[in-house]
Ligand code: PHE
Ligand code: ZN
């Protein structure tokens, strides 16, 4: 049994590498079980390192076949090598060459790190520390090298051979059935950006000319026969390239940009230089197989990986503590891209829903950590919502603080000053200090401590003086008693009973509110608006200007005013969400006050729909979609009873469905596409579908029989996956024959479509009924299910643990047991995926006592299992600490 905690890596212990590797030549002879890798490394002592230090190369699960130093076998006592490393005790004090030959078995590589095979395709995944599973190396992001890669394989098995950079040579190996390709990447890069691919793949491509006049060939490679599903991804690459030029002045820098889709992938996608490798879920799309959500995700992730070419690759990270430097920034960039491609207001709502669903709970639980962590035991467990999403919010706040023009200048400065280097968060902020002359050291505190800040706001109106005073007080739960106040940009405005008070005529004004932003820099502060004609409703944190929880002074009447009149769409949506949250939490807490309030809410939503539904269906769909059960749990915070939360949400949906029934039915009619309309995945068409389907959900909640009929008809007539799946999702909530029949018909129709069956697995995993645990156990034996494929596991078990709160948190512990068993079953083959699945237990301490005890014992059962991976041990240790 492993009882010791894994060794900890600390930011404060960082020191530069003692050696550098200027050039890497790799010769990779691919074979299913006996791949040979010969690495020729041009090494030298690092002037910034310790003179005379031993050379310690990382390795993981490697078999060393041969080693030469400057053409000679080193003396046996000069070297120590095993599966996990290679040490030269007294390396030369001058430049030297190491030639290392290793043997790999890509077919046996179930961890999907290093070189592995996915459906027969050879591919690699090296971030964060997978390159050491290919050859011995200084596998750290601050060692940058120029790579030349020769890839050789049997031509039949792998007609396509791809590497980083540009192709330089290709040919056959005389007298064999093998061929090879040589790739050269002129730009120095860390090992985590290395990639190669070999396999039988179809290709779609289009040319692009950069603003610098470079002719680039963009190509997307997919499984044979699926080329028609790659068009949208290809188009998204092209739009990303063009957008990064106009929005950030960043041009692409190689002759080729390749994207390869593989079906076994631990994460979403990977930004390897010139050769992005993707989970095929985020590439393949057709109207018949992909939902609007899938199209949006493909667009966003394609953009994300492409944007890494500058924010991540040209400027990389000095060490893994700086992960947010590339990830937070690149998420911010992809969010901006999607906002420009779609509706900015609707996209902002989606961003905040996601932040609240994933990052807020993380930050309130045992796995909370700073955006820039100070220590880690397993870096793969730090690809988190905090690093990514809160990291993006910090960049957004920075832009709000300094303004768009200075922000763009600062970004230019950052890229110019750090191009070709491995940088830190300090380097990033320095660029903005340089262009603005501002001191950002206090703003930098956002990176340092965990916890979601709270801002309490109170307002008071003085009719005689015509002034309105807003007072703010910030606190930092979870950040420690000595945490200093944060710099918090607060977007705000005043709204009157008939509309914005910040209109053009004699608007209210306040010193220290510039461009609608007040900056709270101290624990408490206040701002006074002058020239306020009537008691206003404050619109606070417009566009969600900071990732905080707001203790708001608004009552529901004030919120209804915002829902009607706030020029800030985000806060209109937020007003409706807050009212709904209040009504539902009142029911959970067994307060009776909710009834009249709910009726007012229904009336207000009716009026809202009359005014907005056809004008902006995507936005209206967001307003109709109530806060999730998770949002409610997060709001309630302690002693959580998921059954009570479920009942409250179901009851409010029923009320809305009953009260709005006629409107929802006629909206469904009005929004139906005329027959024969060609499918478009664009935001407008997706918005219409979203509103129709939000209406279906509420109608079915109120009247399951009518809902069933509507859903069946919708499935029968559907011309796209969005509508078909929404129909199935509505049916899935109504127990009975109709549901089971629809589920089997769907499975039959898509029997050969793994990515579509993932949706089918997920819908069943989310059924909020007692039978679901059994159903999932049955589905784990379905021929289309495989524990070796991360997408399958996430669809069936991940959806269950993250999106089925009543069943995962069954009081008898059966849900926890199912997930715990899956974690343990997976840990031996793919610890990264096992560890991620286990994070679903994160909120366990906030549950009511019976469930808390059951969750804790499941966690302890996992933690006590002998031979656990470092990944799972780390999550277990921190979850139970
Ligand atoms: N760097 C990838 C991204 O954010 C994520 C990733 C991390 C992929 C680790 C694989 C392994 O785009
Ligand atoms: Zn990324």
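Residue numbers (the working numbering): 10 to 890. Every residue gets a Cβ at the ideal spot worked out from N, C-alpha and C, and that includes glycine.
Best match in 778, 734, 617 for proximity to residue 745 [C-alpha to C-alpha]: Position 736 of the chain shown, counted from the start, is the residue given in the question as residue 745. Checked all of 778, 734, 617; the closest Cα to residue 745 is 778.
Own chain residues within Cβ distance below 6 Å of residue 584, not counting five before or after: Position 575 of the chain shown, counted from the start, is the residue given in the question as residue 584. Contacts found: 568, 571, 572.
Does the distance from the C-beta atom of residue 703 to that of residue 633 stay below 7 Å? The sequence position of residue 703 within the chain shown is 694, counting from 1. The sequence position of residue 633 within the chain shown is 624, counting from 1. The answer is yes: Cβ separation under 7 Å.
Can you name the start and end residues of the alpha helix (DSSP H) that residue 156 belongs to? Your numbering for residue 156 matches position 147 in the chain shown. Here residue 156 belongs to no alpha helix (DSSP H); instead the beta strand (DSSP E) covers 154-163.
Measure the Cβ-Cβ separation of residue 377 and residue 446 and say whether it is below 7 Å. Within the chain shown, residue 377 is the residue found at index 368, counting from 1. Within the chain shown, residue 446 is the residue found at index 437, counting from 1. Contact: no.
Quick one: is residue 675 buried, meaning 16 or more other Cβ sit within 10 Å of its Cβ, or exposed? Taking the chain shown and counting its residues from 1, one reaches residue 675 at position 666. Result: exposed.
Thinking C-beta only, is residue 335 closer than 7 Å to residue 20? If you number the chain shown from 1, residue 20 lands on position 11. If you number the chain shown from 1, residue 335 lands on position 326. The answer is no: Cβ separation not under 7 Å.
Could you tell me the distance, in whole angstroms, from the CA atom of residue 890 to the CA atom of residue 557? As a first step, residue 890 is located in the chain shown; it is residue number 881 there, counting from the start. As a first step, residue 557 is located in the chain shown; it is residue number 548 there, counting from the start. Distance between the alpha carbons of residue 890 and residue 557 is about 25 Å.
Please state whether DSSP places residue 688 in a helix, a strand or coil. As a working mapping, residue 688 is identified with position 679 in the chain shown. If DSSP states are grouped into helix, strand and coil, residue 688 belongs with coil.
Output needed for residue 243: all residues of its chain with C-beta closer than 7 Å, excluding positions within five of it in sequence on either side, in chain order. Stepping through the chain shown from its first residue, residue 243 is reached at position 234. 213, 215, 227, 229, listed in sequence order.
Residue 502 versus 527, 29, 489, residue with shortest Cα-Cα distance: As a working note, residue 502 is residue 493 in the chain shown. With distances taken between Cα atoms, residue 502 lies closest to 527.
DSSP on residue 198, reduced to helix/strand/coil? Translated into the one-based positions of the chain shown, residue 198 becomes position 189. Strand, per DSSP.
Whose C-alpha, out of 96, 113, 468, 61, is nearest the C-alpha of residue 6? In the structure as shown, the chain begins at 10 and stops at 890. Residue 6 is therefore absent and cannot be evaluated.
If you measure from the CB of residue 909, is any heavy atom of ligand 1 nearer than 6 Å? Lying before the first or after the last residue shown, residue 909 is absent from the chain, which here runs from 10 to 890.
According to the neighbour-count rule (16 or more other Cβ atoms, all chains shown, within 10 Å of its Cβ), is residue 103 buried or exposed? Translated into the one-based positions of the chain shown, residue 103 becomes position 94. Its Cβ having fewer than 16 others within 10 Å, residue 103 is exposed.
Quick check: the stretch 421-429 against the stretch 323-331, are there 3 or more CB pairs under 8 Å? yes
Given residue 94 as reference, the closest of 143, 118, 81 once Cα atoms are compared: The residue given as residue 94 occupies position 85 in the chain shown. Among 143, 118, 81, the Cα nearest to that of residue 94 belongs to 143.
Give the DSSP-derived three-state secondary structure of residue 188 in the structure shown. Numbered from 1 along the chain shown, position 179 holds the residue referred to as residue 188. Correct three-state label for residue 188: strand.
Tell me whether residue 541 sits in a helix, a strand or coil according to DSSP, three-state version. For the purposes of this step, residue 541 is taken as the residue at position 532 of the chain shown. Three-state DSSP puts residue 541 in coil, outside helix and strand.
Give the secondary structure of residue 320 by DSSP, where H, G and I count as helix, E and B as strand, and everything else as coil. Locating residue 320 in the chain shown gives position 311, where the first residue counts as 1. In this structure, residue 320 counts as strand in the three-state DSSP scheme.
Less than 6 Å separating the Cβ of residue 339 from some heavy atom of ligand 2? Taking the first residue of the chain shown as position 1, residue 339 is located at position 330. Yes, the beta carbon of residue 339 sits closer than 6 Å to at least one heavy atom of ligand 2.
Span separating the alpha-carbon of residue 837 from that of residue 878: Within the chain shown, the letter at position 828 stands for residue 837. Within the chain shown, the letter at position 869 stands for residue 878. If you take the alpha carbons of residue 837 and residue 878, they lie about 7 Å apart.
Short Cβ contact (7 Å threshold) for residue 23 with residue 328: Translated into the one-based positions of the chain shown, residue 23 becomes position 14. Translated into the one-based positions of the chain shown, residue 328 becomes position 319. Cβ atoms of residue 23 and residue 328: closer than 7 Å.
Kindly confirm or deny that the stretch 304-317 and the stretch 158-167 touch, where touching means at least three C-beta pairs closer than 8 Å. Output reads no: the stretch 158-167 does not touch the stretch 304-317.
On the CB-based measure, 16 or more other CB atoms within 10 Å of its CB, does residue 390 come out buried or exposed? For the purposes of this step, residue 390 is taken as the residue at position 381 of the chain shown. Classification for residue 390: buried.
Counting C-beta neighbours from all protein chains within 10 Å, is the total for residue 12 16 or more, i.e. buried, or is it exposed? As a first step, residue 12 must be located in the chain shown, where it is residue number 3. Any reading at residue 12 must be qualified, since the residue scores a pLDDT of 43, below 50, and its modelled position is unreliable; the value itself is stated next. Per the 10 Å Cβ criterion, exposed.
Residue 849 versus residue 340 - alpha carbon distance: The count along the chain shown starts at 1 and reaches residue 849 at position 840. The count along the chain shown starts at 1 and reaches residue 340 at position 331. Cα-Cα distance, rounded: 23 Å.
Find the nearest neighbour of residue 641 within the set 369, 221, 251, judged by alpha-carbon distance. Position 632 of the chain shown, counted from the first residue, corresponds to residue 641. Comparing Cα positions, the closest option is 369.
Mapping DSSP to helix, strand and coil, what is residue 407? Taking the chain shown and counting its residues from 1, the one referred to as residue 407 is at position 398. Helix.
Check this for me: beta carbons of residue 859 and residue 823, under 7 Å apart or not? In the chain shown, residue 859 corresponds to position 850, counting from 1. In the chain shown, residue 823 corresponds to position 814, counting from 1. It is not a contact, given that the beta carbons lie outside the stated cut-off.
Smallest Cα separation from residue 236: which of 455, 224, 566, 295? For the purposes of this step, residue 236 is taken as the residue at position 227 of the chain shown. Per the Cα distances, 295.
Using the Cβ count rule (16 or more neighbours within 10 Å means buried), how would you classify residue 223? As a first step, residue 223 is located in the chain shown; it is residue number 214 there, counting from the start. With fewer than 16 Cβ atoms within 10 Å of its Cβ, residue 223 is classed as exposed.
Once DSSP output is grouped into helix, strand and coil, what is the label at residue 89? Position 80 of the chain shown, counting from 1, holds the residue named residue 89. Reduced to three states, the DSSP call for residue 89 is strand.
Could you pull the start and end residues of the alpha helix (DSSP H) that residue 132 belongs to? As a position in the chain shown, residue 132 is number 123, starting the count at 1. Run containing residue 132: none in the alpha helix (DSSP H); it sits in the beta strand (DSSP E), 130-134.
Does the Cβ of residue 308 lie closer than 6 Å to at least one heavy atom of ligand 2? For the purposes of this step, residue 308 is identified with residue 299 of the chain shown, where counting begins at 1. Answer for residue 308: no, Cβ out of range of ligand 2.
What's the gap between the Cα of residue 359 and the Cα of residue 250? Here residue 359 is taken as the residue at index 350 of the chain shown, counted from 1. Here residue 250 is taken as the residue at index 241 of the chain shown, counted from 1. Distance between the alpha carbons of residue 359 and residue 250 is about 24 Å.
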